[in-house]
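Working notes for the structure below.
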Ligand SMILES: Nc1ncnc2c1ncn2[C@@H]1O[C@H](COP(=O)(O)OP(=O)(O)OP(=O)(O)O)[C@@H](O)[C@H]1O
């Protein structure tokens, strides 16, 4: 029995959902009832303030307060003092908190993801036990990564785990943690079931004014024997129930990635697809998979001793996998296919209970998936479809090893026997090369153009703002945006709490999401943001990818991310599905110069204004041979394979009349 007494949990009826783990230690504040866990790993700001008797009352009162009147409160308040005593000092720690200073490949994807299940586990076939490898450069990029950021939910940095509570952060290797001295708390959170009524299941937001402009996007498909694209849902020849569900979801027209991916998947081909944020990649893989499952006549049965899902979908964060599950549930509504979601930060027994009720499509975060497999709660023999959403993230050093373990699990069909589908808005070359291990050699690569990967429906602005002026600028911007739903991205978990608190003090109704918050708090925060109760969400990169939230009009990069790909994902939280949005980024020349060149490329590719000062910085920090990750090409990402034929078309044209290839020739041969 591991840390979580899941067997007992299965037989015992639950007393209640929402069982807080640290009830005593929580303080709750503000009208929305949001809470901050004092014992969480984010020891910085909160513990400093909590521990001392001099904690200002207004801090407690204002945190997550509701109401919004951005008066001229100025900045000469308690937080000014904190600038030097707490936050700014702390922010240096913060930077170490989550990250190595390496800004390259090893940090791709930002600082947070969901490796863990909230408890530390030892032993077992797929135990979380990992060897901390201190060195890099052994030739295998996967070997130099950390295992799971365990404990409280976040990615703690490569090979390291932050031990808090001593007043300053110290570093500890994972191997030490494995010895058992950092036992995570037992996770008891049971997420509330999603609403079951049809209206809620099919609730959707409207496509935007630029939805039809998708028709002018260039698409390139490379590989042999490419199935022709379809132009309408009817051409996909899906069964009636699926068609009904598509109609109820409000889909009348295919997006480009759907036009190309659906026939490829229906033809049984492996594929890697890169398409801009918010352009419908989820339905692009769900619909053909469900169509095949319906054709093959599978039925979920709670009476099977061992559940053997036909489809496994993995994604890097809990909130994203939950969203994918809701899409799967929507499209499979009224069919015999049952989708299940399991993710970390929730009670393991709850995950198992969901599975044993019947599971055809298993949506999972990697940590929880490997746990369930190690406990032999699912069999893998029937897996016909394996989907990696945010595939570049799933294959990087953070999750890649977990994914490698997954495909070599006992019973898992080989890549020749299953269909593997990789989707993302970004796909760096080095990750594409790693992906070969997962895909059949004749996989197809679909690149749905949007220059540099940033969505053109997002109006991008970059402002030069030094570290010390950022808060003032943030408030100034929020004063002008009224109640617009805004996501504010910061680089560290502690800073997320700090800025959320600061904004609440400024009477901006704000909540925050990051990996040190309990899962219940994360879901509450997202819920409050989604429904507009808190129109501002301060987030770390844990919310950068995939989240599809109605009416996010605005993304602010309070801190720029370390990679340009992460920037593309973050700003993609707005301007989705033909809607327009705005992104404002604070560029601090003290820390962000390494991004200048890539930013100039992304901005100019998306036909945005490029500030002269940014061009100057880019020029002065010029790195020869830079192509902006996989950029330097009209497509977000290009197929790195050589000698594969490719065709690019306007996506309305199928493959019959290829448009002139706008791609520089050396990239496509
Ligand atoms: N054909 C369609 N017609 C109308 N709405 C659609 C269509 N396809 C997808 N959508 C909607 O567009 C929104 C964005 O889709 P989705 O989340 O799949 O984008 P994505 O490409 O996966 O984005 P990201 O790269 O950020 O993960 C969703 O609300 C989805 O329901």
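Numbering (the UniProt record's numbering), first residue to last: 1 to 669. C-beta: ideal position from N, C-alpha, C; glycine also.
Residue i Cβ short of 7 Å to ligand 1 heavy atom set
| i | result |
| --- | --- |
| residue 377 | no |
| residue 253 | yes |
| residue 291 | no |
| residue 281 | yes |
| residue 565 | no |
| residue 364 | no |
| residue 204 | yes |
| residue 328 | no |
| residue 258 | yes |
| residue 727 | Look at the range of the chain in this structure, 1 to 669, and you will see that residue 727 is not part of it. |
| residue 278 | yes |
| residue 530 | no |
| residue 250 | yes |
| residue 425 | yes |
| residue 318 | no |
| residue 577 | yes |
| residue 545 | yes |
Buried/exposed call for residue i, threshold 16 Cβ in 10 Å
| i | result |
| --- | --- |
| residue 389 | buried |
| residue 224 | exposed |
| residue 300 | buried |
| residue 619 | exposed |
| residue 212 | exposed |
| residue 540 | buried |
| residue 198 | exposed |
| residue 609 | exposed |
| residue 178 | Here the model assigns residue 178 a pLDDT of 25, short of 50, so the residue's position is not dependable and the matter cannot be decided. |
| residue 296 | exposed |
| residue 274 | buried |
| residue 472 | exposed |
| residue 306 | exposed |
| residue 505 | buried |
| residue 414 | exposed |
| residue 526 | buried |
| residue 232 | exposed |
| residue 460 | buried |
Closest by C-alpha distance to residue i, when choosing among the options
| i | options | result |
| --- | --- | --- |
| residue 308 | 316, 352, 203 and 274 | 352 |
| residue 243 | 331, 271 and 211 | 331 |
| residue 253 | 236, 334, 461 and 555 | 236 |
| residue 314 | 387, 221, 361 and 491 | 387 |
| residue 251 | 577, 611 and 296 | 577 |
| residue 533 | 539, 541, 524 and 540 | 524 |
| residue 491 | 380, 563 and 574 | 563 |
| residue 676 | 186, 295 and 263 | Nothing about residue 676 can be reported from this structure: the residues present for the chain run from 1 to 669 only. |
| residue 220 | 444, 329 and 334 | 444 |
| residue 248 | 407, 383, 205 and 399 | 205 |
| residue 216 | 438, 419 and 257 | 257 |
| residue 372 | 399, 396, 409 and 385 | 409 |
| residue 621 | 604, 595 and 601 | 595 |
| residue 293 | 229, 278 and 360 | 360 |
| residue 432 | 512, 400 and 591 | 400 |
Start and end residues, beta strand (DSSP E) containing residue i
| i | result |
| --- | --- |
| residue 504 | Premise fails: residue 504 lies in the alpha helix (DSSP H), 493-505, not in any beta strand (DSSP E). |
| residue 389 | 385-389 |
| residue 220 | 218-222 |
| residue 273 | 271-274 |
| residue 557 | 552-557 |
| residue 367 | Segment 366-374 is the alpha helix (DSSP H) holding residue 367; no beta strand (DSSP E) there. |
| residue 536 | 536-539 |
| residue 419 | 419-424 |
| residue 586 | 581-587 |
| residue 487 | 485-489 |
| residue 233 | Element bounds for residue 233: n/a, residue is neither H nor E. |
| residue 461 | 458-464 |
| residue 512 | 510-513 |
Residue i: CB within 7 Å of a non-hydrogen atom of ligand 3
| i | result |
| --- | --- |
| residue 606 | This structure lacks ligand 3; the ligands present are ligand 1. |
Limits of the unbroken alpha helix (DSSP H) element including residue i
| i | result |
| --- | --- |
| residue 200 | 198-201 |
| residue 604 | 596-605 |
| residue 475 | 470-481 |
| residue 242 | 240-248 |
| residue 351 | 348-356 |
Residue i at chain B interface by Cβ criterion, 8 Å
| i | result |
| --- | --- |
| residue 551 | Here chain B cannot be found, since the structure has a single protein chain. |
Discussion item. Between the segment 265-282 and the segment 335-348, can you find at least three pairs of beta-carbon atoms closer than 8 Å?
Written reply: no
Worksheet item: Should the segment 536-554 be called in touch with the segment 317-328, which here means at least 3 C-beta pairs below 8 Å?
Response: yes
Practice prompt. Report yes or no: do the segment 418-436 and the segment 389-400 share at least 3 C-beta pairs separated by less than 8 Å?
Written response: yes
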